[in-house]
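Notes follow the structure.
2 protein chains.
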Amino acid sequence: MTDRAEPVTLHERIRAEIEDRILTGAWKPGHRIPYEHELTAQFGCARMTVNKAIASLVDAGLIVRRRRVGSFVAQPRIHSAVLDIPDIQGEVTARGAAYGLRLLSCRRRKPMRNQPEELKLAGGGDLLAVCCLHLADGRPFALEDRQISLAAVPEAEAADFSVTAPGTWLLGHVPWTEAEHRIAAINADAETARLLAIAEGAACLSLERRTWRGDRHITHVAQLFPGESYDLIARFTPRGGE
Amino acid sequence: MTDRAEPVTLHERIRAEIEDRILTGAWKPGHRIPYEHELTAQFGCARMTVNKAIASLVDAGLIVRRRRVGSFVAQPRIHSAVLDIPDIQGEVTARGAAYGLRLLSCRRRKPMRNQPEELKLAGGGDLLAVCCLHLADGRPFALEDRQISLAAVPEAEAADFSVTAPGTWLLGHVPWTEAEHRIAAINADAETARLLAIAEGAACLSLERRTWRGDRHITHVAQLFPGESYDLIARFTPRGGE
DNA sequence: CAAGGTAATATGTCTAGACATATGAGCTGT
DNA sequence: ACAGCTCATATGTCTAGACATATTACCTTG
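As given, the protein sequences belong to chains A and B, one line each in that order. The numbering used here puts the first residue of the first sequence at 55, with every later residue one more than the last. The numbering used here puts the first residue of the second sequence at 55, with every later residue one more than the last.
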């Protein structure tokens, strides 16, 4: 997916090397990366060059720095400043409602051969398919159908999604670098209406999200919200084109 | 709105100064900003410091640089890399359909006193209220209801929105720095259904967007799309939090 | 006049230092 | 124990240069 530009300059190579260790998980959130003077020794360059590399990682939100202490791999952010879709649990509690979760199904399965999208997501391994219903004050808030690539996130199989919603769990465990949303409005069919406890034909907001870490596809989720009870808020600034 | 951090370091002040001239429109898209050596003379600092300031503006997409030639104020981007909502005309033609526009109404009016949002948008001046219908291959594609702040964009009053859609016109004339979207699903009421030529009660995607340039509110638009004919696509990377 | 070579120039990258500043660690005295 | 002080240290910012590179402008030659 993300075909980054080949690093040609020194600070780009340094940045790429550090970024790689973070994205592959070799350096986990909270890990202290080498000090600038260690990196200058390692790469045989001036401190400004290392500084430039790290500064761009700080800019990208992958690193946080503390004077006198060092530079650390950042905790994955719960909500992105770009698109304010925190996980649903956060969204519900932010509205002052009690969050509830009902796990409808959760099973490991093979990707369907005739679905190229699923095969790509699976990346040679199996998928974890999770269906759940999010509740706010006991009433249905969103219906979620998610596939997780076990090749990318093997730890997911051990997680208990009847306690922690898969989205919340993933946000806390896996840093992501890219996401794509597809948003549409649909009329609820009979099954959806029953699960969400709304009238058949009521407008629902459909949100599909695919998430990557580097060029590795992590998860694909389809969420359905009753239209009258949910607004997506997206706030952002224009960014340099790709 | 955007309360930027007060520039304390030199390169932040330089950046802020240049950014200001771009955002106020003093330096229009295409304008060549001073050479680095001119800025070093003006601010009495080293070239690296000026370079850092300009690099961050390049990063933000406000400046493009060409070797041997100079640095120029960037053309406002038609679509942001973050949220792929180009103007509707672009969207329609990208789908291979013929674009059409029907201006339903366009008038100058005072903001309503009991609407604090409108008063803020107007910023002491009047509003231009525009209603129009976007057509794809002659069929209704989106219904748009827009308010433009004439205090922020006085040139808008002279524009002919029966030829160019207000969104397209604004994108080409006004650089923006921040936008907020509110996305929801609603069932079409009788009037909406009639204008969009869909069944009453059909699911529609409602998109409200407010746009700022610096701390100046530019426009507020509410768009309605027939649910089955439109998907919003948002693709992005996580950014440093605010 | 057209093609090709050359010099001028603005940006791109990097260096080896400098001083400032925040902050953890350790020491000290009560 | 505890408050307060000093010191070491990693980052934050900046400098005054260097050489590289892309591109334009100009000049030369056929």
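C-beta: ideal position from N, C-alpha, C; glycine also.
- Using a 10 angstroms sphere on the CB of A251(A), the tally of other CB atoms stays under 16, which defines it as exposed.
- Chain-order list of chain A residues neighbouring R167(B): empty, with the shortest C-beta distance near 26 Å, by a criterion of under 8 Å.
- With a contact defined as Cβ atoms closer than 8 Å, A276(A) and S260(A) qualify at about 7 Å.
- With a 10 Å radius around the Cβ and a threshold of 16 neighbouring Cβ atoms, S159(B) comes out exposed.
- Note on the segment 186 to 214 of chain A: whole beta strand (DSSP E) runs with a minimum of 3 residues are 193 to 203, in chain order.
- Linking H188(B) to A148(B) through their CA atoms gives a straight-line distance of about 14 Å.
- One Cα belongs to S125(B), the other to R248(B), and the distance between them is close to 51 Å.
- The residue from V123(B), A128(B), S110(B) and A107(B) with its alpha-carbon nearest to that of I117(B) is A128(B).
- Under the criterion of beta carbons closer than 8 Å, E209(A) and H227(A) qualify as touching, at roughly 7 Å.
- Secondary structure of G124(B) (DSSP, three-state): strand.
- Taking 8 Å as the upper bound for CB-CB distance, Q143(A) and A219(A) are in contact here, some 6 Å apart.
- Rounded to the nearest angstrom, the gap between the Cα atoms of D199(A) and L181(A) is 13 Å.
- In the three-state scheme derived from DSSP, where H, G and I count as helix and E and B as strand, N105(B) is classed as helix.
- If you draw a straight line from the Cα of L286(B) to the Cα of V146(B), it comes to about 13 Å.
- The DSSP-derived three-state label of G221(B) is helix.
- Distance from the CA of P170(A) to the CA of D269(A), rounded to the nearest whole angstrom, comes to 16 Å.
- Within chain A, the C-beta atoms nearer than 8 Å to that of C258(B) come from A239 and A257, in chain order.
- Note that the C-beta distance between A233(B) and R263(B) is below 8 Å.
- Residue pairing by DSSP leaves C99(A) without any beta bridge partner.
- Comparing alpha-carbon positions, the option among T246(A), L224(A), L155(A) and P130(A) lying closest to V217(A) turns out to be L155(A).
- Cβ neighbours of E90(B) within its own chain (closer than 6 Å, five residues either side excluded): R101 and V104.
- Sixteen is the threshold: when 16 or more other Cβ atoms of the shown chains lie within 10 Å of the Cβ of V207(B), as they do, the residue is buried.
- Annotation for R69(B): the continuous alpha helix (DSSP H) segment containing it runs L64 to L77.
- Nearest Cα to L204(B) within the set P165(B), G115(B), E60(B) and I240(B): P165(B).
- Counted as a single uninterrupted DSSP element, the alpha helix (DSSP H) harbouring G144(B) occupies residues I142 to A148.
- Among the residues of the segment 272 to 285 of chain A, those with a Cβ less than 8 Å away from any Cβ of chain B are F279, G281, E282, Y284 and D285, in the order of the chain.
- Close CB contacts of H85(B) within its chain, under the 6 Å cut and outside five residues either way in sequence, are with V127 (chain order).
- For R121(B), the nearest beta carbon of chain A is not closer than 8 Å to its own beta carbon.
- Residue-level contact check: R69(B) does not touch chain A, since none of the beta carbons of chain A fall below 8 Å from its beta carbon.
- Its Cα nearest to that of A109(B), the residue E73(B) stands out among Q96(B), L77(B) and E73(B).
- Within the same chain, Cβ atoms closer than 7 Å to the Cβ of G255(A) are found at N241 and A242, the five residues on either side in sequence being excluded.
- Across the segment 222 to 236 of chain B, CB contacts with chain A closer than 9 Å involve P229, W230, T231, E232, A233, E234, H235 and R236, in sequence order along the chain.
- Leaving aside the five residues that flank K174(B) on each side, the residues in its chain whose CB is nearer than 8 Å to its CB run, in chain order, H271.
- One alpha carbon belongs to A114(A), the other to A253(A), and they sit about 44 Å apart.
- Between the alpha carbons of I68(A) and I76(A) lies a gap of roughly 13 Å.
- Close CB contacts of T78(B) within its chain, under the 8 Å cut and outside five residues either way in sequence, are with G268 (chain order).
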